[in-house]
Amino acid sequence: MKRVELNLHEGMYPALIGQHLLTRPESWPAGGPQRKALVLMDAGVDAAWPELQQDIQQGLQAAGWLAECLCLPAGEELKDFARLYPLYGELLQRGLQRRSLLVAVGGGTLGDAVGFLAATYLRGLDWVNVPTTLLAQVDSALGGKTGVNHPAGKNLIGAIYQPQRILCDTTLLQQLPARDWLSGYGEMLKYGLIHDEPLWHWLLQQRDALLRGDASLLEEAVARSLAIKAHFVAQDVRDLTGIRAVLNFGHTFGHAIEQVTGYGYYRHGEAVILGMYLACQVSQRFGVLPGSAGERLSQALAALPLPQLPAQITAEDLLAVMRHDKKNDGEAIHCLLLRGIAEIIPYPCSSTELAPALKSALANWRQSAAATTT
Ligand SMILES: NC(=O)c1ccc[n+]([C@@H]2O[C@H](COP(=O)([O-])OP(=O)(O)OC[C@H]3O[C@@H](n4cnc5c(N)ncnc54)[C@H](O)[C@@H]3O)[C@@H](O)[C@H]2O)c1
Ligand SMILES: [Zn+2]
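Here it is in structure tokens:
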């Protein structure tokens, strides 16, 4: 088992990474007489792992909790305030009090929604996050960003509210579809690019094994990724100074791609892979990243088996979305570019400046990805 700590002014919490964590009482915070723990579980996870409810309840009971479990249909639909609202009534009815515990078991959507429930029910309840997708284990579970969507955009309602701990049980990943492996792998590559050159090379060397879900590599891959996320979050927990924003490398373009292709066409981490490719190409074109390094990075990203970018999507479509991004001040689009591995720079630029670079980047992607698209 590996352990990564997130050190914040208000205290530290750990992420435990390993196999078969959930039946062990020592994985859980200590309960006490009459203290209730309610497990909110993604129904997809419950279907994939029929024994899991029982295992978790056993672990919690051994740690001193009165444990109950409730399954929810997860996915982006759950990150809707109207869908979440009845759960407050459910918690009241089950008698959950300030000293009770919520446990989120699922992917990033369930973790975001249940974290927000924990932040707001009775003005805040302790919670444990048990992420069950690779993306959630390497990214969304750590850092305390919780919330739901609004028709005007994703994640516009929420709170920064940290869990008591994170339990990344890598055995639960075994039944994930191939595209979820790729999605999580994309976020791991991002950590290599923004901060850790040896990790970038290791991930490329182990690419096929990781995309197959090789269990022997997972603990290390998840722990190294989370340690980098913890490093950035600890310095800027509320995402105000620009330090945490480095974690969004590839995301300005990636989010635009998710939006113009329709959410769900690309898995989030797949869109980030394409977004990082575009960021590398634009960095090269603007003379920020030397050509030889730019080519190597672009080639590694273009070799990944992403679904084909629909032919009708243009640079102008992406720019139209990026111009409306709420993170922009006035006219400038807030890009993060790269000078080399582990050298990310903020690069505000106008859409007129960006348009030709993005156009040629998209053309290059289509050309070089043509051989590998699925
Ligand atoms: N809070 C953050 O900092 C942060 C960061 C990145 C992404 N996110 C959010 O994460 C969400 C995406 O999360 P996701 O990619 O985990 O998707 P998800 O939660 O929608 O899960 C994907 C699918 O996998 C199924 N599933 C989950 N675990 C499984 C398992 N172990 N075995 C089999 N099937 C399983 C789910 O039922 C679901 O159908 C988005 O809403 C995004 O905004 C949040
Ligand atoms: Zn992301």
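Per my numbering, the sequence shown starts with residue 25, numbered consecutively.
The beta-carbon is built from N, C-alpha and C at its ideal position, and this holds for glycine as well.
The alpha helix (DSSP H) enclosing residue i, as first and last residue numbers
i    : result
A335 : Where A335 is concerned, there is no enclosing alpha helix (DSSP H), given that its DSSP letter is neither H nor E.
L328 : That residue, L328, is in no alpha helix (DSSP H); it is neither H nor E in DSSP.
M65  : That residue, M65, is in no alpha helix (DSSP H); its beta strand (DSSP E) goes K60 to D66.
W224 : E221 to Q229
K103 : No alpha helix (DSSP H) holds K103; DSSP gives it neither H nor E.
V138 : G132 to T144
I297 : H292 to R309
T285 : H275 to T285
V243 : First, the residue type needs correcting, since residue 243 is Glu and not Val in the sequence shown. From DSSP, the alpha helix (DSSP H) with E243 extends over A239 to Q259.
L191 : Taken as a continuous stretch (DSSP letters only), L191 belongs to no alpha helix (DSSP H), being part of the beta strand (DSSP E) at R189 to D193.
A86  : L76 to A86
Between the CA atoms of residue j and residue i - distance to the nearest angstrom
i    : j    : result
D341 : V284 : 7 Å
D260 : D136 : 19 Å
T397 : P329 : Residue confidence is low: T397 scores 49 on pLDDT, short of 50, so the model does not pin down where it sits. Its coordinate-derived value is still stated next. Cα to Cα, the separation comes out at about 5 Å.
F277 : G119 : 45 Å
G132 : L200 : 14 Å
A91  : P53  : 13 Å
A344 : R309 : 21 Å
P38  : T376 : 45 Å
C359 : A142 : 33 Å
Q58  : D150 : 15 Å
V129 : A67  : 9 Å
N31  : V162 : 17 Å
L196 : L382 : 39 Å
G14  : N173 : There is no way to answer for residue 14, as the model of the chain reaches only from 25 to 398.
A393 : R203 : 16 Å
I365 : W226 : 14 Å
V270 : L264 : 12 Å
E355 : E243 : 43 Å
L217 : W89  : 42 Å
G35  : R262 : 15 Å
G293 : I368 : 19 Å
D220 : G266 : 19 Å
V154 : G311 : 43 Å
Y371 : K169 : 25 Å
R248 : W224 : 11 Å
E29  : L125 : 21 Å
A387 : R231 : 25 Å
E8   : K26  : Since the displayed the chain opens at 25 and closes at 398, residue 8 lies outside it and no answer follows.
Y290 : A258 : 30 Å
R320 : C304 : 10 Å
A280 : M346 : 6 Å
I252 : Y215 : 7 Å
A87  : D104 : 33 Å
Q198 : V69  : 11 Å
E100 : S240 : 31 Å
L134 : Q229 : 32 Å
Y185 : W389 : 38 Å
G171 : I181 : 6 Å
Where the beta strand (DSSP E) containing residue i begins and where it ends
i    : result
G364 : I357 to G364
Y371 : E367 to C373
I181 : G177 to I184
L40  : G35 to G42
G171 : K169 to H174
E29  : K26 to L32
L94  : L90 to L96
Beta-bridge partners of residue i, as assigned by DSSP
i    : result
H348 : DSSP output for H348 lists no bridge partner at all.
V154 : V129
Handout entry: Sufficient close CB pairs (3 or more, under 8 Å) joining the stretch 321 to 331 to the stretch 296 to 310
Key = yes
Handout entry: Three or more C-beta pairs below 8 Å linking the stretch 147 to 166 and the stretch 207 to 218
Key = yes
Handout entry: the stretch 78 to 87 / the stretch 106 to 114 touching (three or more Cβ pairs under 8 Å)
Key = no
Practice task
Starting from the N-terminal end, write out each residue whose C-beta falls within a distance shorter than 6 Å of any non-hydrogen atom of ligand 2.
Solution key: D163, E211, H275, H292 and V296
Exercise for the section: Evaluate contact between the stretch 41 to 49 and the stretch 191 to 201, counting only Cβ atoms and requiring at least three cross-stretch pairs below 8 Å. Expected result: yes
Exercise for the section: Could you tell me whether the stretch 59 to 79 touches the stretch 88 to 106, using the rule of 3 or more Cβ pairs below 8 Å? Expected result: yes
Exercise for the section: Would you check if the stretch 303 to 321 and the stretch 330 to 340 touch, i.e. whether three or more CB-CB distances between them fall below 8 Å? Expected result: no
Exercise for the section: Assess, as a yes-or-no matter, whether the stretch 377 to 388 is touched by the stretch 232 to 244 under the definition of 3 or more beta carbon pairs within less than 8 Å. Expected result: no
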